[in-house]
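Engineer: Below is a structure I'd like to ask you about.
Residue numbers (UniProt numbering): 1 to 690.
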């Protein structure tokens, strides 16, 4: 078994808007461990593109041992373009720390992560970073958090600052009244006996609040509190009640610090050890909805949380142990791939050099080299099984660009590199179109694609041209239709013969593709039915209007014929492809475009102009409300094609004060005039490629 039992492990994720200081907090950990003496170097950002941009674009995992506990930290991207990595980390961790930039307060990414974490029922801690910045006011920040997020859940300061802005020197624990001041940059704190004058007002304001909020979650403590007062409540009782309230999402503690000065972060770590959720308390569910308990002595079960490529070792797979234990040299079964793999070595993700171990248990995150078939969010077990964990689905990429290598000699290299990037980022897709010779890459937004392109060029040394952004349009049909096609070809020896009759009909939006076999009497042998399905699946990759993928259709195979000698798999595939094309042309085909659900936050005086802009962009306003502080929120549905230049337009209208977030909502039919423009544009692209 692992040398640390599961109760002594914590898995924590740090999330927040770009620039809030998450990666600098990881520098604090490394300094406090004595592995470096420099803060602000972004030590976990080892990717060349991350180093150059000074930003995190993928999840980084760091583990360390402190006293009798083992801690795993996830450092996550701050841009919502990398929502896939954020979502992976939110699911992988047990404790969510949302980092707040003390100068900026609640930002758009703060709100999005809050909503995602609440949907996943994750316990949350707020960490107000950069308390040393000029003009910071702790009371105002706490009030903003309460106004933005407090509902039935109580947002409660766990600490108050000793000084603010450049005078920020330390923190006071509101439960124990312990006072800690810091030697700047070292992370070393000293415990003081007297409460400084510049902290007394905050201490008086918030001390009774945290006590009352904790006891209100526990009837026994509340009764004791009202009968004999705070003096008779022990620290152990309060921490125990806080642990339960935190796990049940009744209390969200607020901590404070400065990453650059290394003030306060050690107290957050100790607090998470004292009341944070343990891996044994985390609930997982199967796809059927059955709860899966984490048992240290149970059968091994795990989940893949990250793939990485090491230039020397090759592929590295990060795996979280959910139940049981895993030994080096043992075999595992990857459920979604239906494959078995042998594990020769298992390692813990350390900062300087991964630590090889012989065995790991519940709550450990392991680094396993050279797994052949492993994708993020896949279930791993000891034995062959069809049971999978229920996990959040990744959003579909919305923006695409074409890329073309400057040399034909680089085609294989670019294909291999794209496959590696896609393995580490499930929201990045790529596809090679053999007919046009075009490679299309797709991502969550312009920043996402720009970073992927830079990685291809700098990390893999590939030279290529980039085409303009493309929208992930789809095609479907409006009406039911039938078609028949007979593929007959006679050559020397065996010929080719395949004959199918199909019916296609539209499905509800979002239903995808459905194949129905209604062959009776053996008019087409059973072994050729999958060939028909395969041929149609190939055909729906390119619709008849503009070559976009076809969705939301049911195809029914109801008749046909075969030849005892000349029929083959390929013959029925060819017949199915031609029949589908004919049926679709007769089924009133239409182009679908992605519609985004957009929330726009802006000064009230600009609301009318922005609503006009939304309407001009074929958008449909759904509502508007005041969110306080002179700001309004507009909710609208807007085609993605119209959102590509929305950010600069909003910035221009609102003098840089407006911002928005968006997520995919649904696909919708385009109007005839827009459809004609899309088709014409597609034709021009194809002409240029010839």
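Ideal Cβ placement from N, Cα and C applies to all residues, glycine included.
Let me check understanding here. Comparing Cα to Cα, which of 549, 540 and 586 lies closest to residue 576?
Structural biologist: With distances taken between Cα atoms, residue 576 lies closest to 540.
Engineer: Would you say the segment 411–421 touches the segment 334–346, given that touching needs at least three Cβ pairs under 8 Å?
Structural biologist: Result no; under three Cβ-Cβ pairs closer than 8 Å.
Engineer: Name, in chain order, the residues that DSSP records as bridge partners for residue 489.
Structural biologist: According to DSSP, which records beta bridges pairwise, residue 489 is partnered with 496.
Engineer: Expressed to the nearest angstrom, what Euclidean distance is found between the alpha-carbon atoms of residue 50 and residue 80?
Structural biologist: About 16 Å.
Engineer: Please go through the same chain and pick out, in chain order, the residues whose beta-carbon is closer than 8 Å to the beta-carbon of residue 615, but skip the five residues on each side of it.
Structural biologist: Only 621 meet the Cβ criterion.
Engineer: Classify residue 145 as helix, strand or coil using the three-state DSSP reduction.
Structural biologist: Helix at residue 145.
Engineer: From residue 388 to residue 364, what distance separates their C-alpha atoms?
Structural biologist: Each residue's alpha carbon lies about 20 Å from the other.
Engineer: From the DSSP output, read off the bridge partner residues of residue 341.
Structural biologist: 332.
Engineer: Return the residue from the list 316, 298 and 307 that minimises the CA-CA distance to residue 322.
Structural biologist: Minimum Cα distance to residue 322 is reached at 298.
Engineer: Is it true that the CB of residue 642 sits closer than 7 Å to the CB of residue 617?
Structural biologist: Their beta carbons are under 7 Å apart, which means residue 617 touches residue 642 by this criterion.
Engineer: Using the beta-carbon count (16 or more within 10 Å), is residue 220 buried or exposed?
Structural biologist: So residue 220 counts as exposed.
Engineer: Assuming residue 448 is part of the alpha helix (DSSP H), what are its boundary residues?
Structural biologist: Where residue 448 is concerned, the enclosing alpha helix (DSSP H) stretches over 446–458.
Engineer: Under the assumption that residue 485 contacts residue 582 (Cβ atoms under 8 Å), give the Cβ distance between them as a whole number of angstroms.
Structural biologist: Residue 485 to residue 582, Cβ: 6 Å. Contact.
Engineer: Tell me, to the nearest whole angstrom, how far the beta carbon of residue 186 is from that of residue 262; I am working on the premise that it is less than 8 Å.
Structural biologist: Going by Cβ atoms, the distance from residue 186 to residue 262 rounds to 6 Å, so yes, they are a contact pair.
Engineer: Could you pull the start and end residues of the beta strand (DSSP E) that residue 8 belongs to?
Structural biologist: Unbroken run through residue 8: none, as it is neither H nor E.
Engineer: State buried or exposed for residue 21, treating a residue as buried only when at least 16 other CB atoms are found within 10 Å of its CB.
Structural biologist: Its Cβ being crowded by 16 or more others within 10 Å, residue 21 is buried.
Engineer: Given residue 650, which residues of its chain have a CB within under 6 Å of its CB, disregarding the five upstream and five downstream residues?
Structural biologist: The answer, listed in chain order, is 658.
Engineer: Answer yes if the segment 238–255 comes into contact with the segment 340–357, meaning at least three C-beta pairs across the two stretches below 8 Å, and no otherwise.
Structural biologist: No, they do not touch.
Engineer: Suppose you measure from the CA of residue 420 to the CA of residue 73; what does that come to, to the nearest Å?
Structural biologist: Their Cα atoms are separated by approximately 24 Å.
Engineer: In whole angstroms, what is the alpha-carbon distance linking residue 422 and residue 332?
Structural biologist: Those two C-alpha atoms are separated by around 23 Å.
Engineer: Identify whether residue 274 lies in helix, strand or coil by the three-state DSSP scheme.
Structural biologist: Of the three classes helix, strand and coil, the one that applies to residue 274 here is helix, per DSSP.
Engineer: DSSP puts residue 512 in a beta bridge; with which residues?
Structural biologist: BP columns for residue 512 are empty, so no partner.
Engineer: Which residues does DSSP list as the beta-bridge partners of residue 439?
Structural biologist: Looking at the DSSP assignment, residue 439 forms a beta bridge with 403 and 432.
Engineer: Report the rounded CA-to-CA distance for residue 498 versus residue 482, giving the unit in angstroms.
Structural biologist: The straight-line gap from Cα to Cα measures roughly 17 Å.
Engineer: Rounded to a whole number of angstroms, what is the C-alpha to C-alpha distance between residue 325 and residue 92?
Structural biologist: Going from the Cα of residue 325 to the Cα of residue 92 covers about 17 Å.
Engineer: Decide if residue 16 is buried, meaning its Cβ has at least 16 other Cβ atoms within 10 Å, or exposed.
Structural biologist: Answer is buried; the Cβ neighbour count reaches 16.
Engineer: Could you say if the segment 201–219 and the segment 277–296 meet the contact criterion of at least three C-beta pairs nearer than 8 Å?
Structural biologist: With the cut-off at 8 Å, the segment 201–219 and the segment 277–296 do not touch.
Engineer: Put residue 60 into one of helix, strand or coil per three-state DSSP.
Structural biologist: In this structure, residue 60 counts as strand in the three-state DSSP scheme.
Engineer: Verify whether the separation of the beta carbon atoms of residue 427 and residue 392 is less than 7 Å.
Structural biologist: Their beta carbons are not under 7 Å apart, which means residue 427 does not touch residue 392 by this criterion.
Engineer: With DSSP collapsed to three states, give me the class of residue 427.
Structural biologist: Three-state DSSP puts residue 427 in coil, outside helix and strand.
Engineer: Under DSSP, the beta strand (DSSP E) around residue 320 begins and ends at which residues?
Structural biologist: Per DSSP, residue 320 belongs to the beta strand (DSSP E) from 314–323.
Engineer: Which residue spans inside the segment 25–86 form an unbroken alpha helix (DSSP H) run of at least 4?
Structural biologist: Counting only runs of 4 or more, we get 48–53.
Engineer: Going straight from the alpha carbon of residue 653 to that of residue 404, what length do you get?
Structural biologist: Approximately 37 Å between the Cα atoms of the pair.
Engineer: In chain order, what residues of the same chain lie with their CB nearer than 6 Å to the CB of residue 440, ignoring the 5 residues before and after it?
Structural biologist: Hits under 6 Å: 400, 402 and 431.
Engineer: Bridge partners of residue 578, per DSSP?
Structural biologist: Residue 578 pairs with nothing; no bridge assigned.
Engineer: Cα separation between residue 132 and residue 169?
Structural biologist: Looking at the two C-alpha atoms, the distance is approximately 8 Å.
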